[in-house]
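Numbering (the working numbering), first residue to last: 351 to 593. Cβ atoms here follow ideal geometry from the backbone N, Cα and C, with glycine treated the same way. Each remark here refers to the structure printed beneath this line.
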Amino acid sequence: MGQSKVLLMLGASSDVGCELIKRNEDRYDVILAHYCRSEERLKALQQKIGEKICLFQADFLDRESVGNLIAGIREKGLLPTHIVHLSASKFYNVKFAKSTWEQFDEEMKTSLYAIAEIARAFFPGMAKAGFGRVVFMLTSCVQNTPPKYLSPYVTAKYALLGLMKSLAAEYADKGITVNGVSPDMIETRFLAGIPELIVQKNAMDSPIGRNLTVDDVIPVFEYLLSDQAGAITGQAIAVTGGR
């Protein structure tokens, strides 16, 4: 391919994001690691790995902040070759009748609007270069009947699925693949807002008798980001333990 490999990871401070960086930092020339508020773990990785990791703060609820993120990357003269979108709002249960405009708005801004803006900024350059690997974190909720009380979250993820498929169709002949990973519940900090009884019940109901771990989903991201995955695009790969 010839060009430098530049990984842009949105939501890099998440458990999945940090582990992806740890396991794959040697595959990229530059890693652009986005975070909103939690930078401590990324700074620790930066100290261990070095200047290869560039940290970028942006609040995806603020369009100006997203624009500043894009501008900061451009100021460094960098064009992402690989993009991973992990960002999501805090996970919580809410009955639909009690859900609010603000909750739907927050989910859509974080999951959809920000990555749409970022894709508009960088996809033309990626298309000109003739290469790109893009992976969105989706959810098993877009594969099967979703659980109750997650309307804002599920709605935003379906919207993200639609964007993924649209981008995949439009850029397939430009060497850019756009895919999603659709996991069942993963044991991460993201579940902090979910009652423990629900987390335990999900594990008991799983065919494998447990919730997923980061180790279960990382290999799927790695493959979809690889050169070998050039013929796979527009797919939401389910990781559900047989559910």
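| Item | Value |
| --- | --- |
| If we count Cβ pairs, one from each stretch, closer than 8 Å, do we get three or more for the region 556-563 versus the region 463-480? | no |
| For the alpha helix (DSSP H) that contains residue 479, what are its first and last residues? | 464-479 |
| In three-state DSSP terms, what is residue 553? | helix |
| Taking residue 532 as the reference, which of 421, 548, 492 and 546 has the closest Cα? | 492 |
| Of the residues 500, 421, 433 and 553, which one's Cα is nearest the Cα of residue 361? | 433 |
| Under the three-state reduction of DSSP, which class applies to residue 407: helix, strand or coil? | strand |
| If you follow the beta strand (DSSP E) that residue 382 is in, where does it begin and where does it stop? | 380-385 |
| Considering Cα atoms alone, identify which of 379, 363 and 584 is closest to residue 516. | 584 |
| To which residues does DSSP link residue 532 through a beta bridge? | 588 |
| What would DSSP say about residue 454, mapped onto helix, strand or coil? | helix |
| Taking residue 552 as the reference, which of 534, 430 and 377 has the closest Cα? | 534 |
| Ignoring anything shorter than 3 residues or poking outside the region 386-448, list the beta strand (DSSP E) runs there in chain order. | 403-407 and 432-435 |
| Report yes if the CB atom of residue 530 is closer than 8 Å to the CB atom of residue 564, and no otherwise. | no |
| Excluding five sequence neighbours on each side, which residues of the same chain lie with their C-beta closer than 7 Å to the C-beta of residue 367? | 359, 361 and 436 |
| Measuring alpha carbon to alpha carbon, tell me which residue in 572, 581, 494 and 500 is nearest residue 521. | 581 |
| So, with DSSP's three-state summary, where would you put residue 558? | coil |
| Could you check which residue in 482, 371, 400 and 408 has the C-alpha nearest to that of residue 388? | 408 |
| By a C-beta neighbour count over all protein chains shown, 10 Å radius and 16 as the cutoff for buried, is residue 547 buried or exposed? | exposed |
| Return the residue from the list 382, 512 and 439 that minimises the CA-CA distance to residue 430. | 382 |
| On the three-state DSSP scale, how would you describe residue 544? | coil |
| Grouping DSSP H, G and I as helix and E and B as strand, with all else coil, what is residue 526? | strand |
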